[in-house]
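According to numbering that gives the first Met the number 0, the sequence shown holds residues 0 to 294 in order.
Here a beta-carbon is modelled for each residue, glycine too, at the ideal position from N, C-alpha and C.
Read through the structure below, which is laid out as structure tokens, and then see the notes.
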Amino acid sequence: MNEQHDHHYLGHRHERNEKRTRWVVGLTAIMMVAEIAFGLMTGSMALLADGWHMATHTLAIGASALAYWLARRWARDQRYSFGTGKVGELAGFASALALAIVAVGIAIQSAQRLLEPRTVDYREAIIVAVLGLAVNLVSAALLHEGGHDQGDGHHHHDNNLRSAYMHVLADALTSVLAIVALAAGMLADARWLDPAVGLIGAAVILRWAWVLIRDTSAVLLDRIPDDALAKTIRSAVEGEGDARVTDLHLWQVGPGRFAAIVAITATSPAEPALYKARIGCDPRIVHITVEVARA
């Protein structure tokens with residue numbers, strides 16, 4: 000039988016998430032330039048740190064938008080054995096690495112400012128920081144709804160959009176910290192708070208970067224995405240007769256889309272189609288390969 004198998008494993012909201020991501024890229028690019036420029040003009044390390052973080056955020060969201068476009072363009076290219084559903088994970092992983100590097104740079108500059116305090120133009124810095132926070136909140140609203148895909152009745156993450164959303168949340172938090180530090184410096188002459196907030200912001204960025212690296216690398220390295228589902232597959236195969244699962248591979252091929260390879264032995268084996276029917280009741284499993292051998 001000659002039947003071509005479709006490997007289109009993109010999320011249900013792929014195009015919608017792509018459009019929203021493009022909007023966020025434009026908004027944050029504008030704010031990035033403003034924060035870096037005013038951070039240099041006013042001498043605020045907290046504002047400059049937030050601006051450079053927003054620069055990495057702009058690049059990361061840009062990478063996410065590019066990943067959506069490439070995944071959609073190559074979705075049905077037969078050269079990709081299991082589709083292009085992992086392109087977003089790759090973009091998220093690269094984004095996390097870049098974010099971690101910039102966080103280290105911010106921490107070093109903030110530590111230098113603690114040792115050698117500089118004069119800060121607090122009023123102008125606060126105005127720009129508030130504008131940055133407003134952009135972050137608008138961006139978060141654009142990205143929040145699309146971060147979870149429930150099209151097949153199950154709740155799962157789109158890690159490409161999730162990486163963008165984490166950047167926005169980290170930006171919003173560092174903006175709040177910058178505003179507090181600048182206000183305290185202006186009202187109480189606590190100049191040390193500005194670089195101290197830069198250190199806190201760097202720690203927050205590193206934390207988000209670690210979460211992204213952990214989650215995206217798990218997908219890229221084909222870690223079992225759902226232990227409970229793996230147990231369910233094994234139970235479904237071994238529930239009737241004398242069949243035993245000798246090898247089981249379960250990995251993610253797209254947001255909420257899994258593939259499985261199951262090796263089975265039995266003294267009186269049934270047809271592979273029977274075992275495949277037992278396994279295929281979960282809509283998240285979009286590609287199943289069953290190998291049957293006589294014990």
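- Item | Selected residue, minimal CA-CA separation from Gly253, among Ala292, Glu88 and Ser94 | Position 254 of the sequence shown, counted from the first residue, corresponds to residue 253. Residue Glu88 is the option with its Cα nearest to Gly253.
- Confirm, please, whether the CB-CB distance from Val101 to Ala64 is below 9 Å. Start at 1 with the first residue of the sequence shown, and residue 64 comes out as number 65. Start at 1 with the first residue of the sequence shown, and residue 101 comes out as number 102. Result no, Cβ atoms of Ala64 and Val101 do not sit closer than 9 Å.
- With DSSP as the reference, label Ile223 as helix, strand or coil. Start at 1 with the first residue of the sequence shown, and residue 223 comes out as number 224. The answer is coil: DSSP assigns Ile223 none of H, G, I, E or B.
- Thr288 lies in the beta strand (DSSP E); which residues open and close that run? As a first step, residue 288 is located in the sequence shown; it is residue number 289 there, counting from the start. From DSSP, the beta strand (DSSP E) with Thr288 extends over Ile284 to Arg293.
- Query: With respect to the alpha helix (DSSP H) encompassing Ala180, which residues constitute its N-terminal and C-terminal limits?
  - Reply: Numbered from its first residue, the sequence shown carries residue 180 at position 181. Note, Ala180: alpha helix (DSSP H), Asn158 to Ala187.
- Count the C-beta pairs between the stretch 240-250 and the stretch 129-141 that are closer than 8 Å, then say yes if the count reaches three, no if not. no
- Item | Helix, strand or coil at Gly91 [DSSP, three-state] | On the sequence shown, residue 91 is found 92 positions in, with the first residue counted as 1. If DSSP states are grouped into helix, strand and coil, Gly91 belongs with the helices.
- Item | Buried versus exposed call for Glu270 [16 or more other C-beta atoms within 10 Å across all chains shown] | Mapped onto the sequence shown, residue 270 falls at position 271. Exposed, since its Cβ has fewer than 16 Cβ neighbours within 10 Å.
- Ala258, buried or exposed, once every other Cβ within 10 Å from all chains shown has been counted against 16: In the sequence shown, residue 258 corresponds to position 259, counting from 1. Ala258 comes out buried.
- Between the CA atoms of Ala90 and Asp54 - distance to the nearest angstrom: In the sequence shown, counting from the first residue as 1, residue 54 sits at position 55. In the sequence shown, counting from the first residue as 1, residue 90 sits at position 91. A quick correction: the sequence has Ala, not Asp, at residue 54. Between Ala54 and Ala90, the C-alpha separation is close to 16 Å.
- Item | N-terminal and C-terminal residue of the alpha helix (DSSP H) that Gly131 is part of | Working through the sequence shown from its first residue, we reach residue 131 at position 132. Segment Tyr121 to His143, the alpha helix (DSSP H) holding Gly131.
- Taking the C-alpha atoms as reference points, what is the distance between Gly184 and Arg75? Taking the first residue of the sequence shown as position 1, residue 184 is located at position 185. Taking the first residue of the sequence shown as position 1, residue 75 is located at position 76. Using only the alpha carbons, I get a separation of about 56 Å.
- Message: Suppose the cutoff is 6 Å on Cβ atoms and the five residues either side in sequence are ignored; what does the same chain contact list for Val134 look like?
- Response: Your numbering for residue 134 matches position 135 in the sequence shown. Contacts found: Leu26 and Met30.
- Enumerate in chain order the residues of its own chain whose CB-to-CB distance from Leu205 is below 7 Å, with the five nearest sequence positions on each side excluded. Counted from its first residue, the sequence shown places residue 205 at position 206. Excluding sequence neighbours, Leu205 sits near Ala99 and Ala102.
- Alpha carbon to alpha carbon, how far is Ala262 from Leu96? Give it in angstroms, no decimals. Here residue 96 is taken as the residue at index 97 of the sequence shown, counted from 1. Here residue 262 is taken as the residue at index 263 of the sequence shown, counted from 1. So the two alpha carbons sit approximately 37 Å from each other.
- Query: Between Glu115 and Ser174, what straight-line distance do the alpha-carbon atoms span, to the nearest angstrom?
  - Reply: The sequence position of residue 115 within the sequence shown is 116, counting from 1. The sequence position of residue 174 within the sequence shown is 175, counting from 1. Between Glu115 and Ser174, the C-alpha separation is close to 23 Å.
- Task: Name the one or two DSSP bridge partners that Arg256 has.
- Result: Residue 256 sits at position 257 when you count from the first residue of the sequence shown. DSSP output for Arg256 lists Gly253 as bridge partner(s).
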